[in-house]
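43 is the number of the first residue of the sequence shown in the working numbering; add one for each residue after it. No residue lacks a Cβ here, since even glycine has one placed at the ideal position from N, Cα and C.
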Amino acid sequence: MTIKIETIFSSQQIQDRIAEIADEIAEKSYSKDILLIGLLNGCYMFVADLARALYKTSISLTIDFMKVSSYGNKTTSSGEVCLEKDIRQPIRDKCVLIVDDIIDTGNSLTAVLQTFETHHPKSIQTCVLLDKPDRREVQIQPDYIGFQIPNEFVVGYGLDYAEQYRELPYIGILKI
Ligand code: IMP
Ligand code: MG
């Protein structure tokens, strides 16, 4: 079996877009203090670069992570979401920014939002690097989106296929 990865966003394109998103967040945020919550594992590179881009703006961050999962080693979502790791602090009265690598069916982000809404944050916004709008199963539109992509399975820049390819500095379509 030969696997090929066809680059769709170079490292430079990703960094340029992240700088724009950081400026957009700084402009539209309800507060200068944001609790950024990354959704592991896929978000890790995006959170690292987005946090450094936000450092150049007027925003101050507290950063935490949680992990929900709906994918095994498959390339399609199961539709069920389970909480594997929770955040370590209350979100009450905080301006929360949830950050994920990609929104696909929308099930994960919707489940996280539903949990958080019952804990009375001051505001909740969502930010994803990639959006596959054709695959949506629930109606949800992130507040900040890096790039819209077609219905293809992508890897790199934190995104995996069976835990592989996360380390790639670019994003590509996995061709099996
Ligand atoms: P959703 O719940 O279907 O929106 O899926 C969101 C999660 O599925 C993402 O956070 C990713 O971890 C994973 N995912 C969805 N599409 C892809 C893809 O094309 N490549 C790698 N992971 C993906
Ligand atoms: Mg993910």
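Helix, strand or coil: which one does DSSP assign to Ile-45?
coil
Which residues DSSP lists as bridging Thr-104, in chain order:
Leu-77
Asp-173 bridges to which residues according to DSSP?
Ile-145, Gln-190
Taking 8 Å as the threshold (C-beta atoms), are Lys-136 and Ser-102 in contact?
no
For the beta strand (DSSP E) that Lys-164 lies in, which residues bound it at each end?
It is not in any beta strand (DSSP E) - Lys-164 carries neither H nor E in the DSSP assignment.
For Gly-148 and Val-170, which I take to be in contact (beta-carbon distance under 8 Å), what is that distance rounded to the nearest angstrom?
Between Val-170 and Gly-148 the Cβ distance is about 10 Å, and since that is not below 8 Å, they are no contact.
Can Phe-195 be considered in contact with the ligand IMP, in the sense that its beta carbon sits closer than 7 Å to one or more heavy atoms?
yes
Based on the DSSP secondary-structure assignment, which residues constitute the bridge partners of Gly-214?
Thr-49, Val-197
On the premise that Leu-139 lies in contact with Ile-76, defined as a C-beta separation below 8 Å, what is that separation, rounded to the nearest angstrom?
5 Å
Whole-angstrom distance between Leu-125 and Pro-132, CA atom to CA atom
16 Å
Any idea what DSSP makes of Tyr-207, helix, strand or coil?
coil
Suppose you measure from the CA of Leu-210 to the CA of Gly-200; what does that come to, to the nearest Å?
8 Å
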